[in-house]
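S.K.: First the structure, then my questions, so here it is.
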Amino acid sequence: MRKTALITGATSGIGRATAHELAKHHINLILCGRRQERLDIIEEALSKLTDICTLNFDVRDKKQVRAAIDSIPEKFKKIDILINNAGNAHGLDSIHEGSVDDWDAMMDINVKGLLYVSKAIIPQMTERKSGHIINIGSSAGKEVYPKGNVYCGSKHAVLAVTEGMRIDLNPYGIKVSAINPGLVETEFSRVRFKGDPKADSVYKGFKALQAEDIAEIIYFTVSRPPHVNIADLLVFPTAQASSTIVKKEL
Ligand code: NDP
Ligand code: 8X3
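For reference, each letter of the sequence shown is one residue, going 194 to 443 in this note's numbering.
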């Protein structure tokens with residue numbers, strides 16, 4: 194029988210590429226995001242390969258999250274794989290100059306949103322004593338870089354929560370994995386810099402990771418045999434050695 198995966202943040206970047214990769218392998222998909230028109234386009238493209246259902250909600254709103262998960266059609270209700278990917282950086286400022294609204298966005302989306310979605314789905318996994326949760330962390334969850342303060346804090350929190358999930362869900366045989374990329378060329382920097390053209394310079398002068406690279410790693414992670422769990426994976430582009438060391442040729 195086909196497995197079902199729910200992907201948050203499926204309208205762009207890593208989430209969208211993961212939808213394409215898992216569809217190739219005939220995994221049924223529940224695709225989530227706030228931009229319904231994008232979800233519709235992806236659904237149309239992928240429904241030749243697998244069964245798709247879309248959910249439109251903001252992960253910050255726990256009532257919307259609950260209602261969306263409750264509305265999942267019967268055929269998709271048994272979720273084998275949860276990919277907590279929705280998230281972004283908002284701003285890149287020193288701690289004394291940062292915007293409280295940006296801080297709220299990062300904590301509410303990257304940390305609390307991940308928790309709300311997980312809370313709505315984990316009980317069916319504990320009941321069945323099976324499942325796989327993949328949290329998309331970041332190299333920013335492993336080291337802090339200048340002006341990264343709150344984004345790095347949110348991703349450190351994702352890694353702590355991931356570890357907590359792995360410990361608490363261990364008796365139920367549920368796999369919990371963190372995939373932590375370095376620089377991936379997506380809409381991430383456009384969101385971070387709010388449309389400022391400096392977003393375009395982030396990935397110039399070196400070959401950044403592409404969303405498809407992470408999608409392949411996610412498929413590898415979910416396709417290991419039952420006794421193998423990729424617990425925590427860090428992946429950089431070859432040109433990157435740490436958050437602040439990137440070999441650029443400009
Ligand atoms: P994108 O900006 O391309 O995609 C972000 C996705 O998150 C979109 O699908 C967006 O959907 C969704 N999202 C954002 N806010 C919300 C919200 N409030 N409610 C629901 N969905 C939301 O960025 P990436 O693909 O790069 O980012 C995906 C994940 O990867 C994030 O967690 C990010 O922190 C992480 N990451 C990214 C790296 C990079 O260099 N790009 C490196 C390491 C980790 P919509 O707007 O339609 O709701
Ligand atoms: C995204 C990678 O280095 O922009 O998490 O924080 S970085």
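Backbone N, C-alpha and C define an ideal beta-carbon position, used for all residues, glycine too.
What's the gap between the Cα of residue 398 and the Cα of residue 436?
M.R.: Taking the sequence shown and counting its residues from 1, the one referred to as residue 398 is at position 205. Taking the sequence shown and counting its residues from 1, the one referred to as residue 436 is at position 243. Each residue's alpha carbon lies about 16 Å from the other.
S.K.: Assign residue 421 to one of two classes, buried (16 or more other C-beta atoms within 10 Å of its C-beta) or exposed (fewer than that).
M.R.: Looking up residue 421 in the sequence shown gives position 228. With fewer than 16 other Cβ atoms within 10 Å, it is exposed.
S.K.: Tell me, please, whether the region 357 to 365 touches the region 388 to 406 by the rule of three or more beta-carbon pairs shorter than 8 Å.
M.R.: Flag = no, the region 357 to 365 and the region 388 to 406 do not touch.
S.K.: Measure the Cβ-Cβ separation of residue 474 and residue 429 and say whether it is below 8 Å.
M.R.: Because the chain spans 194 through 443 in this model, residue 474 falls outside it and cannot be assessed.
S.K.: What are the uninterrupted segments assigned as alpha helix (DSSP H) that are 4 or more residues long and contained completely in the region 300 to 377, given in chain order?
M.R.: Runs of the alpha helix (DSSP H) inside the region 300 to 377: 307 to 321 and 342 to 361.
S.K.: Leaving aside the five residues before and after residue 299 along the sequence, list all residues of the same chain whose C-beta is less than 7 Å from its C-beta, in chain order.
M.R.: For this step, residue 299 is matched to residue 106 along the sequence shown. Counting only Cβ-Cβ distances below 7 Å, and skipping sequence neighbours, we find 282, 283, 343, 344 and 347.
S.K.: Using the beta-carbon count (16 or more within 10 Å), is residue 273 buried or exposed?
M.R.: Stepping through the sequence shown from its first residue, residue 273 is reached at position 80. Classification of residue 273: buried, given that the 10 Å Cβ count is 16 or more.
S.K.: Residue 354: which of 304, 391, 395 and 260 sits nearest, CA to CA?
M.R.: In the sequence shown, the residue the question calls residue 354 occupies position 161. Among 304, 391, 395 and 260, the Cα nearest to that of residue 354 is on 304.
S.K.: Could you tell me the boundaries of the beta strand (DSSP E) in which residue 197 lies?
M.R.: Locating residue 197 in the sequence shown gives position 4, where the first residue counts as 1. 197 to 200 is the extent of the beta strand (DSSP E) around residue 197.
S.K.: Would you grab the beta carbon distance between residue 203 and residue 195 for me? Rounded to a whole angstrom, and I think it's under 8 Å.
M.R.: Position 10 of the sequence shown holds residue 203. Position 2 of the sequence shown holds residue 195. Between residue 195 and residue 203 the Cβ distance is about 18 Å, and since that is not below 8 Å, they are no contact.
S.K.: Please go through the region 244 to 273 and give each complete beta strand (DSSP E) segment of 3 or more residues, from N-terminal end onward.
M.R.: Those beta strand (DSSP E) runs which fall completely within the region 244 to 273 and span 3+ residues are 245 to 249.
S.K.: Give the C-beta separation of residue 411 and residue 276 to the nearest angstrom, bearing in mind that I take them to be a contact with Cβ-Cβ under 8 Å.
M.R.: Against the sequence shown, residue 411 aligns to sequence position 218. Against the sequence shown, residue 276 aligns to sequence position 83. Going by Cβ atoms, the distance from residue 411 to residue 276 rounds to 7 Å, so yes, they are a contact pair.
S.K.: Using a Cβ distance threshold of 8 Å, determine whether the region 233 to 242 contacts the region 254 to 272, with at least three qualifying pairs required.
M.R.: As far as the Cβ criterion goes, the region 233 to 242 does not touch the region 254 to 272, which means the pair count is below three.
S.K.: Using only the alpha-carbon positions, how far apart do residue 268 and residue 222 sit?
M.R.: As a working note, residue 268 is residue 75 in the sequence shown. As a working note, residue 222 is residue 29 in the sequence shown. Answer to the nearest angstrom: the Cα atoms are 11 Å apart.
S.K.: Just to confirm, does residue 250 get its C-beta within under 7 Å of one of the non-hydrogen atoms of the ligand 8X3?
M.R.: Walking along the sequence shown from the start, residue 250 turns up at place 57. False, no ligand heavy atom lies under 7 Å from that Cβ.
S.K.: Under the three-state reduction of DSSP, which class applies to residue 425: helix, strand or coil?
M.R.: By 1-based counting over the sequence shown, the position of residue 425 is 232. In the structure shown, residue 425 sits in a strand (DSSP, three-state: E or B).
S.K.: Tell me whether residue 242, by its Cβ, gets closer than 7 Å to a heavy atom of the ligand NDP.
M.R.: Taking the sequence shown and counting its residues from 1, the one referred to as residue 242 is at position 49. No, Cβ of residue 242 sits at least 7 Å from all heavy atoms of the ligand NDP.
S.K.: Using the Cα positions of residue 340 and residue 385, report the straight-line distance between them to the nearest angstrom.
M.R.: Numbered from its first residue, the sequence shown carries residue 340 at position 147. Numbered from its first residue, the sequence shown carries residue 385 at position 192. Straight-line Cα distance between these residues: approximately 12 Å.
S.K.: When you compare each of 356, 205, 383 and 434 to residue 372 by their alpha carbons, which one comes out closest?
M.R.: The sequence position of residue 372 within the sequence shown is 179, counting from 1. Of the candidates 356, 205, 383 and 434, the one whose C-alpha sits nearest the C-alpha of residue 372 is 356.
S.K.: Sort out for me which residues DSSP pairs residue 403 with in a bridge.
M.R.: Looking up residue 403 in the sequence shown gives position 210. DSSP output for residue 403 lists 378 as bridge partner(s).
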